[in-house]
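Chains as they are written, first to last, in our numbering: chain Y, 207 to 375; chain P, 207 to 375.
All remarks here apply to the structure that follows.
There are 2 protein chains.
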Amino acid sequence: MTRGVLSVLLIFGSILFVFATGKPYIPKTGKRIPETLSRGWGDQLIWAQTYEEALYWSRTRNKPLMVVFHLADCPHSQAFKKIFANSYDIQKTLDEDFIVLNLMYETTDKNLSPDGQYVPRIFFVDPSMTVRADISGRYSNRLYAYEPTDEKLLRENMEKAKKLLKQEL
Amino acid sequence: MTRGVLSVLLIFGSILFVFATGKPYIPKTGKRIPETLSRGWGDQLIWAQTYEEALYWSRTRNKPLMVVFHLADCPHSQAFKKIFANSYDIQKTLDEDFIVLNLMYETTDKNLSPDGQYVPRIFFVDPSMTVRADISGRYSNRLYAYEPTDEKLLRENMEKAKKLLKQEL
Numbered sequence: 207m208t209r210g211v212l213s214v215l216l217i218f219g220s221i222l223f224v225f226a227t228g229k230p231y232i233p234k235t236g237k238r239i240p241e242t243l244s245r246g247w248g249d250q251l252i253w254a255q256t257y258e259e260a261l262y263w264s265r266t267r268n269k270p271l272m273v274v275f276h277l278a279d280c281p282h283s284q285a286f287k288k289i290f291a292n293s294y295d296i297q298k299t300l301d302e303d304f305i306v307l308n309l310m311y312e313t314t315d316k317n318l319s320p321d322g323q324y325v326p327r328i329f330f331v332d333p334s335m336t337v338r339a340d341i342s343g344r345y346s347n348r349l350y351a352y353e354p355t356d357e358k359l360l361r362e363n364m365e366k367a368k369k370l371l372k373q374e375l
Numbered sequence: 207m208t209r210g211v212l213s214v215l216l217i218f219g220s221i222l223f224v225f226a227t228g229k230p231y232i233p234k235t236g237k238r239i240p241e242t243l244s245r246g247w248g249d250q251l252i253w254a255q256t257y258e259e260a261l262y263w264s265r266t267r268n269k270p271l272m273v274v275f276h277l278a279d280c281p282h283s284q285a286f287k288k289i290f291a292n293s294y295d296i297q298k299t300l301d302e303d304f305i306v307l308n309l310m311y312e313t314t315d316k317n318l319s320p321d322g323q324y325v326p327r328i329f330f331v332d333p334s335m336t337v338r339a340d341i342s343g344r345y346s347n348r349l350y351a352y353e354p355t356d357e358k359l360l361r362e363n364m365e366k367a368k369k370l371l372k373q374e375l
């Protein structure tokens, strides 16, 4: 009997809820899983949404910024993402010492494409808002590209980026 | 007995998995829930990440763009977001006929702040990349602001934005 009363209350409550908040919108193609800002590059990191936001965070928190350009349908991006997202050391250092941003579309800042708009490519930006073009990978035709075998090199480059420019002056 | 063997296999499999993928990184402050691109403005919508991306989508798909500026710690933004995200009509129309972008940081495009950088404020951009400064709300001192009571006005403005500029020429 009590269970019956509870059920009625529950149904009544649900109807009230729908009336109060309205029918939720579900696309015809079915419910979608919301896209995250990480896009698979590290779900535990706090990703900036835009370059402007990332630069602001970098300047105000005095941390270097890492910008990763990638594409969902690029196998090189996907292969490197797997290494990147699963590297404990990369993720920990990024979380503690860096501002992070990943982008699938180019910005209007030409300093982020000095040798072209290929993917994946990674740039470091100093809190002074200087793009660290001096911190590059091992491929002379695509200076800022990284392959899955370049995890160690990326970690070394992160250490370089942590030595902020103003401390060197 | 079979259950015992299965348990051993399961443990062995888990160890193999951790060896293969490495220890996952968890922040000292505990596991985080990844931030979504919707930021609460409609989990079923496909949000662009940046203004450049949104303009590209708008141009190539010939759909008007809606840009929502908001802040997490602004009570006006929060109040309007609740109405916005729970309106079946707004969400359905946006999903079917618009490109959507929500931003917490300003862009470098001054056309998106003709009367200041207040929040919440909403702009429509035509696929021809023209900011529709003519589509505004009801407050003369903050032309592009909307209050929770302005749901109907926003829906009307969305209809205006759907009449693309090039069709009017």
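Beta carbons are placed, not taken as given, at the ideal position from N, Cα and C, and that holds for glycine.
(1) Quick one: grab the DSSP three-state call for Ile296 of chain P.
(2) Touching or not, the stretch 273 to 283 of chain P and the stretch 269 to 288 of chain Y, by the rule of three or more beta carbon pairs under 8 Å?
(3) Counting along the chain, where does the alpha helix (DSSP H) carrying Met272 of chain P start and finish?
(4) If we count the other Cβ atoms within 10 Å of its Cβ and call it buried at 16 or more, is Met335 of chain Y buried or exposed?
(5) Output, in chain order, the set of chain P residues within a Cβ distance shorter than 9 Å of Met362 of chain Y.
(6) Any idea if Ser213 of chain P is buried or exposed, counting beta-carbon neighbours within 10 angstroms, 16 or more meaning buried?
(7) Quick check: is the beta carbon of Gly210 of chain Y nearer than 8 Å to any beta carbon in chain P?
(8) Rounding to the nearest angstrom, what Cα-Cα distance links Leu318 of chain Y and Arg348 of chain Y in this structure?
(9) Pro270 of chain P and Leu359 of chain P look like a contact to me (Cβ under 8 Å); what is the Cβ gap, rounded to whole Å?
(10) I'd like the list of long-range same chain contacts for Gln297 of chain P, defined as Cβ closer than 6 Å, with 5 residues on each side in sequence excluded.
(11) What does a CB cutoff of less than 8 Å around Ala367 of chain Y pick up in its chain, not counting 5 residues either side in sequence?
(12) Less than 8 Å between the beta carbons of Tyr311 of chain Y and Tyr311 of chain P, yes or no?
(13) Taking a Cβ distance cut-off of 8 Å, strictly less, list which residues of the stretch 248 to 261 of chain Y are near chain P, in chain order.
(14) For Thr336 of chain Y, go through chain P and note every residue whose CB falls closer than 8 Å to its CB, in chain order.
(15) The alpha helix (DSSP H) spanning Asn268 of chain P covers which residue range?
(16) Spatial neighbours of Asp356 of chain Y within its chain, please: C-beta separation below 7 Å, excluding the five flanking residues on both sides.
(17) Report the residue from Y:Val211, Y:Ser283, Y:Ile232 whose alpha carbon sits nearest the alpha carbon of Asp301 of chain P.
(18) Report the residues of the stretch 232 to 249 of chain Y with a CB closer than 8 Å to any CB of chain P, ordered along the chain.
(19) May I have the straight-line CA-CA distance separating Glu374 of chain Y from Glu241 of chain P, to the nearest angstrom?
(20) Give a yes or no on whether the C-beta atoms belonging to Trp253 of chain P and Leu309 of chain P are separated by under 8 Å.
In terms of the structure at hand:
(1) Ile296 of chain P carries a helical assignment under DSSP once its states are collapsed to helix, strand and coil.
(2) Contact fails: fewer than three Cβ-Cβ distances are below 8 Å.
(3) For Met272 of chain P, there is no enclosing alpha helix (DSSP H); the enclosing beta strand (DSSP E) has its first and last residue at 271 to 275.
(4) Here Met335 of chain Y is exposed. Its C-beta has fewer than 16 other C-beta atoms within 10 Å.
(5) Checking the displayed sequence, the identity of residue 362 of chain Y turns out to be Glu instead of Met. Within chain P, no residue comes near Glu362 of chain Y; the closest Cβ sits about 18 Å away, beyond 9 Å.
(6) Burial call: exposed.
(7) For Gly210 of chain Y, no CB of chain P lies under 8 Å from its own CB, so it is not counted at the interface with that chain.
(8) When rounded, the distance between both Cα atoms is 13 Å.
(9) Incorrect: roughly 17 Å between the Cβ atoms, too far for contact.
(10) Cβ contact annotation for Gln297 of chain P (same chain, cutoff 6 Å, sequence separation greater than five): Gly248, in chain order.
(11) So the list reads Pro270, Met272, Phe304, Phe330, Asp332, Arg338, Ile341, once near-sequence residues are dropped.
(12) Cβ atoms of Tyr311 of chain Y and Tyr311 of chain P: not closer than 8 Å.
(13) Contact annotation: in the stretch 248 to 261 of chain Y, residues whose CB is within less than 8 Å of a CB in chain P are Gly248, Asp249, Gln250, Ile252, Trp253, Gln255, Thr256, Tyr257, Glu258, Glu259.
(14) What Thr336 of chain Y touches in chain P, judged by beta-carbon distance under 8 Å, is nothing: the nearest beta carbon there is about 18 Å away.
(15) For Asn268 of chain P, there is no enclosing alpha helix (DSSP H), as DSSP marks it with neither H nor E.
(16) Gly343, Arg344, listed in sequence order.
(17) Minimum Cα distance to Asp301 of chain P is reached at Y:Ile232.
(18) Answer set for the stretch 232 to 249 of chain Y: Ile232, Pro233, Lys237, Arg238, Pro240, Glu241, Thr242, Leu243, Ser244, Gly248, Asp249.
(19) In this prediction, Glu374 of chain Y scores a pLDDT of 49, lower than 50, which makes its location untrustworthy; the coordinate-derived value is nonetheless stated afterwards. Looking at the two C-alpha atoms, the distance is approximately 35 Å.
(20) In this structure, Trp253 of chain P sits away from Leu309 of chain P, with a CB-CB distance that is not shorter than 8 Å.
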